Amino acid sequence: VKNKPLTQRQLQRNSLIAKVRYVVERTFGSQTRWFGSKALRYRGNAKAHAWHILPAIAYNLKRLPKLYVDKQIQAQSWE
């Protein structure tokens, strides 16, 4: 309901899912900025699935070098 304060239960639920929501929304925001994937342009499940999968693959490939370097730095700090 619009323009009404949240109940105590709704506030608790929001605080529990906030951390997960932050990670997911950040990922989709990055995909939107980097690849312009704002709107679905295709009809049909197969084409729509491909439209979502391809930016996700590109997002992971773009982040891979940083993740690899971070892992190497972490491994060196254990030595």
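Numbering (my numbering), first residue to last: 234 to 312.
Even glycine gets a Cβ: it sits at the ideal position worked out from N, Cα and C.
As the structure is a prediction and not an experimental result, all values here were calculated from the model.
- Query: Can the beta-carbon of Tyr292 be found less than 7 Å from the beta-carbon of Trp284?
  - Reply: Not a contact, by the Cβ cut-off of 7 Å.
- Output the boundary residues of the alpha helix (DSSP H) element that contains Lys280. That run of the alpha helix (DSSP H) goes Asn278 to Trp311.
- Task: Give a yes or no on whether the C-beta atoms belonging to Phe261 and Pro288 are separated by under 7 Å.
- Result: Cβ atoms of Phe261 and Pro288: not closer than 7 Å.
- Item | Pairwise C-alpha distance: Ile306 and Arg266 | Spanning the alpha carbons of Arg266 and Ile306 requires a straight line of approximately 28 Å.
- Query: Ser270 lies in the alpha helix (DSSP H); which residues open and close that run?
  - Reply: No alpha helix (DSSP H) contains Ser270, which DSSP labels as neither H nor E.
- Is DSSP giving Thr260 helix, strand or coil here? Judged by DSSP in its simplified three-state form, Thr260 adopts helix.
- Message: Would Ala279 and Leu273 be called neighbours here (beta carbons separated by less than 7 Å)?
- Response: Not a contact, by the Cβ cut-off of 7 Å.
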